[in-house]
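To convert, note that position 97 of the sequence shown is 97 in full-length UniProt numbering; the numbers rise steadily by one, no gaps.
Written out below as structure tokens is the structure these notes cover.
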Amino acid sequence: MGHVFRRRLTLQAPVRVSDGAGGQTLSWEDRGGLWAEVRMRSGSLRHGAFGRTPRLQVRLTTHSVPQGHPMRAEPGQRLRDGGQVYEIEAVHDADDRQLLTILASVASHVGGAA
Numbered sequence: 001m002g003h004v005f006r007r008r009l010t011l012q013a014p015v016r017v018s019d020g021a022g023g024q025t026l027s028w029e030d031r032g033g034l035w036a037e038v039r040m041r042s043g044s045l046r047h048g049a050f051g052r053t054p055r056l057q058v059r060l061t062t063h064s065v066p067q068g069h070p071m072r073a074e075p076g077q078r079l080r081d082g083g084q085v086y087e088i089e090a091v092h093d094a095d096d097r098q099l100l101t102i103l104a105s106v107a108s109h110v111g112g113a114a
């Protein structure tokens, strides 16, 4: 089965920046763009203190990037597609076709710099 990379996503990594009052705040630094295929995996409603919160999970497939390269996605980073943000949970070299599979959750809140 062939993959069609139709979505241009921006890889972002978390960075700590000074808040000007002696502390730090979390922001997001763009690492660059990549093309990917985005497919829905699952969805659920979680019960929390403020009611039910949706949790959507997606599978992204893109070209593989060598370990240690700044453009290789890692858990804790995120991918941005316009206003949509995918929080990366796991990364796996899919097979010998040099594909990378990324499992992510759709962010229910988006903080930090765009």
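Quick reminder that beta carbons are idealized off the backbone N, C-alpha and C, glycines included.
| Asked | Found |
| --- | --- |
| Chain-order list of residues whose beta-carbon lies under 6 Å from that of Phe-5 (same chain, five-residue window excluded) | Trp-35, Ala-36, Glu-37 |
| Ser-42, buried or exposed, once every other Cβ within 10 Å from all chains shown has been counted against 16 | exposed |
| First and last residue of the uninterrupted beta strand (DSSP E) at Ser-64 | From DSSP, Ser-64 is part of no beta strand (DSSP E); its letter is neither H nor E. |
| Three-state secondary structure assigned by DSSP to Trp-40 | In the sequence on display, residue 40 carries Met and not Trp. It is a strand residue. |
| Arg-46 to Leu-56 span [Cα, whole Å] | 11 Å |
| Per-residue burial, Gln-12 [other beta carbons within 10 Å of its own, 16 or more giving buried] | buried |
| Start-to-end residues for the beta strand (DSSP E) that takes in Glu-74 | Glu-74 -> no beta strand (DSSP E), and no H or E assigned at all. |
| Three-state secondary structure (DSSP) of Arg-6 | coil |
| Classification of Val-85 by the beta-carbon crowding that lies within 10 angstroms, buried from 16 upward | buried |
| Assigned secondary structure, Gln-12 (DSSP; H/G/I helix, E/B strand, else coil) | strand |
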